[in-house]
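**Q**
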Amino acid sequence: ETGVTQTPRHLVMGMTNKKSLKCEQHLGHNAMYWYKQSAKKPLELMFVYNFKEQTENNSVPSRFSPECPNSSHLFLHLHTLQPEDSALYLCASSQTTSGGQETQYFGPGTRLLVL
Amino acid sequence: TQLLEQSPQFLSIQEGENLTVYCNSSSVFSSLQWYRQEPGEGPVLLVTVVTGGEVKKLKRLTFQFGDARKDSSLHITAAQPGDTGLYLCAGLYNFNKFYFGSGTKLNVKP
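Each protein sequence line maps, in turn, to chains U and C.
Using this note's numbering, the first residue of the first sequence is number 72, and each one after it goes up by one.
Using this note's numbering, the first residue of the second sequence is number 20, and each one after it goes up by one.
1) Would you kindly work out how many angstroms separate the C-alpha atoms of A87 of chain C and C42 of chain C, rounded to a whole number?
2) Per DSSP, K123 of chain U is paired with what?
3) With a threshold of 8 Å between beta carbons, is G180 of chain U in contact with chain C?
4) Mind checking if T174 of chain U is an interface residue toward chain C, Cβ cutoff 8 Å exclusive?
5) Short of 6 Å in beta carbon distance, which residues of its chain neighbour E24 of chain C, apart from the five on each side in sequence? Order them along the chain.
6) What are the start and end residues of the beta strand (DSSP E) that includes G104 of chain C?
7) Would E60 of chain C count as contacting chain U if we go by Cβ distances under 8 Å?
8) For E73 of chain C, tell me which candidate among C:T39, C:P58, C:K89 and C:P129 has the shortest Cα-Cα distance.
9) According to the neighbour-count rule (16 or more other Cβ atoms, all chains shown, within 10 Å of its Cβ), is K128 of chain C buried or exposed?
10) Spatial neighbours of L159 of chain U within its chain, please: CB distance less than 6 Å, with the 5 preceding and 5 following residues excluded, ordered by chain position.
11) Counting only beta-carbon separations shorter than 8 Å, does K76 of chain C have a partner in chain U?
12) Under 8 Å Cβ to Cβ from G122 of chain C, same chain only, skipping five residues before and after it: list those, please.
13) Pick from C:L80, C:Y112, C:P100 and C:V47: whose alpha carbon is nearest that of Y54 of chain C?
14) Between the alpha carbons of H100 of chain U and E173 of chain U, how many angstroms are there, rounded?
15) Measuring CA to CA, which of C:P58, C:P62 and C:S45 is closest to Q52 of chain C?
16) Taking buried to mean at least 16 other C-beta atoms within 10 Å of its own C-beta, is Q175 of chain U buried or exposed?
17) Tell me whether the region 78-98 of chain U and the region 147-154 of chain U touch, counting them as touching only if at least three CB pairs, one residue from each stretch, are closer than 8 Å.
18) Is there at least one Cβ from chain C nearer than 8 Å to F177 of chain U's Cβ?
19) When we look at the beta-carbon of A97 of chain C and count the other beta-carbons within 10 Å, is it buried (16 or more) or exposed?
20) Quick check for students: name the residue ranges of the beta strand (DSSP E) that lie wholly in the region 53-95 of chain C, counting only runs of 3 or more.
Below is the structure:
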């Protein structure tokens with residue numbers, strides 16, 4: 072495996088379900104990100120982890136719970152979601168979060184549908 | 020309100036035509052990136068511009084950062100069907116956080 076991988080690629084869940092999204096990066100990076108991409112809206116940054124520590128929570132509802140056990144893995148735990156949470160959830164990684172010309176590498180995303 | 024406005028939202032052109040996509044803001048950015056996203060995939064970085072007035076070329080793609088670092092443009096010469104995709108700009112604000120535009124969906128017909 073190379074780059075950034077995400078599983079599952081597609082997920083359908085009811086509002087009372089609990090599920091988890093997984094992201095793994097094989098690039099030796101130290102920073103990982105969760106983004107939400109909805110139709111006709113800009114990519115929204117949700118969470119940032121740098122060296123396993125959460126450095127950004129962009130006012131995300133508590134029904135989304137991130138976990139970063141190590142620099143290579145990032146999870147997004149989902150529970151009691153709403154239909155408006157249906158979107159493409161993208162994971163990204165970068166060497167660090169130092170900004171400037173930092174390059175983020177994105178995974179293919181998980182297409183989530185909440186019924 | 021969005022920090023970055025992209026225009027047009029949709030663009031459908033014939034192969035061989037030229038096009039320009041715009042990314043505008045009232046805020047100053049430390050740097051600006053352009054990405055292309057194809058269906059079923061995540062965005063892929065095309066270029067990063069840092070200096071006001073900077074111009075970068077990537078084959079048939081020309082990227083320009085505005086003098087005041089508030090806007091940017093992407094010009095494609097002689098578009099090809101392989102250029103089809105969603106083009107996203109992302110501005111780095113306060114050397115801290117990237118804000119994305121809502122994208123321009125380009126369709127190049129053969």
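Virtual Cβ for every residue (Gly too), placed ideally from N, Cα, C.
**A** Short version:
1) The residue labelled residue 87 of chain C in the question sits at position 68 within the second sequence. The residue labelled residue 42 of chain C in the question sits at position 23 within the second sequence. So the two alpha carbons sit approximately 13 Å from each other.
2) Translated into the one-based positions of the first sequence, residue 123 of chain U becomes position 52. Answer by DSSP bridge pairing: none, since K123 of chain U is not bridged.
3) As a working mapping, residue 180 of chain U is identified with position 109 in the first sequence. It does: the Cβ of G180 of chain U has a partner Cβ on chain C nearer than 8 Å.
4) Position 103 of the first sequence, counting from 1, holds the residue named residue 174 of chain U. Judged by the 8 Å Cβ criterion, T174 of chain U is in contact with chain C.
5) Reading the second sequence from its first residue, position 5 is the one you call residue 24 of chain C. Excluding residues within five positions, the ones whose Cβ falls inside 6 Å are N43.
6) Working through the second sequence from its first residue, we reach residue 104 of chain C at position 85. Element bounds for G104 of chain C: G104 to Y112.
7) The sequence position of residue 60 of chain C within the second sequence is 41, counting from 1. For E60 of chain C, the answer is yes, since a Cβ of chain U falls inside 8 Å of its Cβ.
8) The residue you call residue 73 of chain C lines up with position 54 of the second sequence. Of C:T39, C:P58, C:K89 and C:P129, the residue nearest in Cα terms is C:K89.
9) Position 109 of the second sequence, counted from the start, is the residue given in the question as residue 128 of chain C. Burial call: exposed.
10) As a working note, residue 159 of chain U is residue 88 in the first sequence. Q108, G180 and R182, listed in sequence order.
11) Reading the second sequence from its first residue, position 57 is the one you call residue 76 of chain C. So, not an interface residue.
12) Looking up residue 122 of chain C in the second sequence gives position 103. Result list for G122 of chain C: Q25, Q28, Q56, L105, Y106 and L107, in chain order.
13) Taking the second sequence and counting its residues from 1, the one referred to as residue 54 of chain C is at position 35. Comparing Cα-Cα distances from Y54 of chain C to each of C:L80, C:Y112, C:P100 and C:V47, the minimum goes to C:L80.
14) If you number the first sequence from 1, residue 100 of chain U lands on position 29. If you number the first sequence from 1, residue 173 of chain U lands on position 102. Each residue's Cα considered, the two are about 11 Å apart.
15) As a working mapping, residue 52 of chain C is identified with position 33 in the second sequence. The shortest Cα separation from Q52 of chain C among C:P58, C:P62 and C:S45 belongs to C:P62.
16) Translated into positions along the first sequence, residue 175 of chain U becomes position 104. Result: buried.
17) yes
18) Taking the first sequence and counting its residues from 1, the one referred to as residue 177 of chain U is at position 106. Yes, F177 of chain U counts as interfacial toward chain C.
19) Along the second sequence, read from residue 1 onward, the residue named residue 97 of chain C stands at position 78. So A97 of chain C counts as exposed.
20) 63-68, 74-77, 80-84 and 90-95
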